[in-house]
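Following: one structure in structure tokens, then a few remarks.
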Amino acid sequence: MNPSDIVESCRERGADDVICHVTNLRRKQIRFANNEVTASKLWDSITASIFLAKDRRVVATTLNDPTKLDETLDELFSIVGAIGPSEDYHGIADGTFTYKGIPVETDMPDDERIIGDVFSIADDCRAAGVYYTTSVNDEIATSSGIHASDESTSFELSVRMFADKNASGHAVSCARTLHDFDYSSACENAVDIARDARNPVRGEEGRFDVVFSPLCFANLLDDMMFQTSAFYVDSGLSCFKDRIGTQVASELVTVHDDGTRPDGLGSSRYDDEGVPTRSTPVIEDGILTTYLHNTSTAKKYETKTTANAGLIAPRPTNIVLSEGDRSIDELLSEMGNGLYITNTWYTRFQNYSTGDFSTIPRDGIFMVHDGEISSSLKDIRISENMIGLLSRIAALGDRSEHIHWWEAETPTFTPAVLVRDVRITRSTG
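Numbering-wise (the working numbering), the sequence shown opens with residue 107 and increments by one.
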């Protein structure tokens with residue numbers, strides 16, 4: 107499939123604006139449990155993603171079968187004729203752009219050796235998880251004259267180690283190149299957490315100072331960053347509405363969206379409109395400086411795109427929380443007494459517009475006394491407010507980790523974080 111030909115076909119049918127991506131994705135998955143491989147799968151697909159607008163009526167689809175192109179376009183234009191115009195649509199990117207390259211891997215990994223290493227490091231623990239290798243080639247064409255291509259590679263391991271049925275540790279490793287793929291350290295970290303998590307007792311309710319591991323805090327940053335999308339602000343699904351230029355976090359907090367990082371899984375040469383990606387400060391010294399925009403939302407807000415298209419909803423690329431100057435031991439020492447939480451899941455918002463949410467810690471949850479881990483906990487819930495939690499950040503770690511898994515859908519670079527006075531409730535009756 108040729109994206110320029112598809113754009114031309116749409117224009118001939120009367121479309122005003124058209125964007126087409128033709129993407130070739132090749133992905134291998136290896137799943138494992140109890141130190142044994144349980145499944146191996148390979149996907150090899152070519153898809154065409156088509157976005158078009160006619161008289162401000164907007165439709166989009168993904169085509170998997172090139173023989174059905176004409177049929178698919180007939181359906182799209184039938185829908186265009188039946189729907190009303192979008193008041194929020196203001197066009198697509200128009201311009202001549204220069205793109206920078208981002209590193210890709212040319213060598214093939216030794217999958218058998220990697221999985222063997224995972225099982226070897228597990229030692230007396232049981233290992234479960236998933237390993238992915240992915241390569242993507244993308245070509246974009248638009249009715250405004252943009253034509254470009256991009257390629258990426260990625261390597262990801264999500265591993266959970268079990269010291270016993272009530273003691274587990276979870277860690278991830280992800281990278282664009284094999285040189286940066288430090289899966290061994292992730293496995294060792296998960297084993298250490300699992301062993302320390304033995305014999306958990308039920309946690310108490312109350313207000314506690316908490317050190318969040320990078321894996322844990324990436325989950326919260328992912329939810330936070332999506333709410334800076336202008337689409338979610340306009341939809342009433344954001345606690346950042348009308349907060350540009352105001353304090354939304356501790357002065358220690360600076361967060362960028364950076365689609366250009368050479369090591370970022372979310373990096374690319376261009377966004378979904380073909381605009382070159384960039385690094386955008388979203389929160390600086392605790393102040394919210396911008397929403398994430400595509401061309402259409404930027405025109406509505408009388409500003410410039412941040413190169414975060416999403417054609418319907420602007421979205422983050424790589425989330426980067428600036429590091430502090432504390433080691434993990436120094437964070438625990440500074441906290442003194444409190445909790446160390448290594449992971450969380452089931453993050454749910456009770457009220458998006460106010461930022462009220464809850465999330466359930468899992469795997470290693472530890473009570474800390476005098477800066478030292480004293481016991482393992484279970485059955486707690488964090489019941490908090492997003493802006494309140496960000497505002498009580500008291501210290502940041504000095505080493506970021508690259509996090510991406512199904513609880514942190516956006517690749518995130520974050521250190522460990524110390525937050526004061528976190529509300530802890532119980533997760534079960």
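Ideal placement from N, C-alpha and C gives every residue a C-beta, glycine not left out.
In this text the structure is predicted, and so the values were computed from the model without any measurement.
CB contact check: residue i to chain B, cutoff 8 Å
i	result
V210	No chain B appears in the structure shown, which is made up of a single protein chain.
Residues of its chain near residue i, where Cβ-Cβ distance is below 7 Å and the 5 sequence neighbours each way are ignored
i	result
Y195	A159, R162, V164, S402
D256	D244, S374, R375, Y376
Y205	A254, R375, Y376, P382
F183	R119
S480	M473, V474
R117	V124, S249
P172	M107
Beta-carbon proximity check, residue i vs residue j, cutoff 8 Å
i	j	result
A273	R304	yes
S249	R282	no
T448	C293	no
L398	D363	yes
A247	N140	no
M331	P215	no
F261	F287	yes
G503	E429	yes
F463	T450	no
From the options, residue whose alpha carbon lies closest to that of residue i
i	options	result
G120	P109, L169, D180, R132	D180
A415	E440, G380, S258	G380
D328	A145, V124, M492	M492
H510	I208, S226, A277, D171	A277
S482	V210, M473, I198	M473
E515	N325, G370, D286, G251	N325
I434	F183, V317, T178, C280	V317
Q135	F332, W149, I246	W149
T202	T212, D176, I252	I252
I393	V354, D288, R219, Q456	V354
R219	M331, L371, S290, S184	S290
Y238	V265, T212, A419	V265
I221	G351, S146, H475	S146
L371	Q333, L358, I425	I425
P306	P467, L182, G187	P467
E177	E193, S115, D200	S115
E211	D369, V236, D171	D369
F337	F463, D315, K406, A419	A419
A501	A522, P517, W512, E513	A522
E142	D122, V236, G197, V113	V236
F519	R505, T240, I530, E513	R505
D391	I198, W512, L496, D223	L496
S335	D171, Y407, W512, D315	Y407
D378	C126, E478, R454	C126
F455	S489, I227, A404	S489
Spatial neighbours of residue i in its chain, beta-carbon cut-off 6 Å, leaving aside the 5 residues before and after
i	result
G275	M267, A296, I299, A300, D469, G470
E507	P320
A269	C231, A300, R301, R304
V361	V388, I389, L427
G461	C345, N491, M492, I493
Y458	L343
I350	L394
H475	N443
L131	S151, V242
D200	S250
V128	M107, P109, A154, E245
S192	R162, V164
C280	E262, L371, H508, H510
I189	R163
For residue i, the residue or residues it bridges with in DSSP
i	result
I466	W451
H475	E478
D180	According to DSSP, which records beta bridges pairwise, D180 is partnered with nothing at all.
H399	Beta-bridge pairing links H399 to no other residue.
Y238	Q135, E262
L487	Checking the sequence, you will find Arg at residue 487 rather than Leu. Per DSSP, T531.
E408	DSSP output for E408 lists no bridge partner at all.
S335	L398
F157	I125, A166
H362	P387, V426
P382	Y376
Neighbourhood of residue i by C-beta distance below 8 Å, restricted to the same chain and skipping five residues each side
i	result
T366	K206, I208, S373, T383, R384, S385
R498	S356, V525, R526, D527, V528
T144	R137, F138
R532	R308, G309, E311, D485, I486, R487
D213	L284
V339	Q333, F346, K347, Y397
E478	L438
Near the ligand SAM: residue i beta-carbon under 7 Å from a heavy atom
i	result
Q135	For the ligand SAM, the structure offers nothing, since it holds no ligand at all.
query: Okay, do the segment 404–413 and the segment 434–453 touch, 3+ Cβ pairs below 8 Å being the bar?
result: At 8 Å Cβ cutoff, the stretches do not touch.
- prompt: Okay, do the segment 145–154 and the segment 165–176 touch, 3+ Cβ pairs below 8 Å being the bar?
  reply: yes
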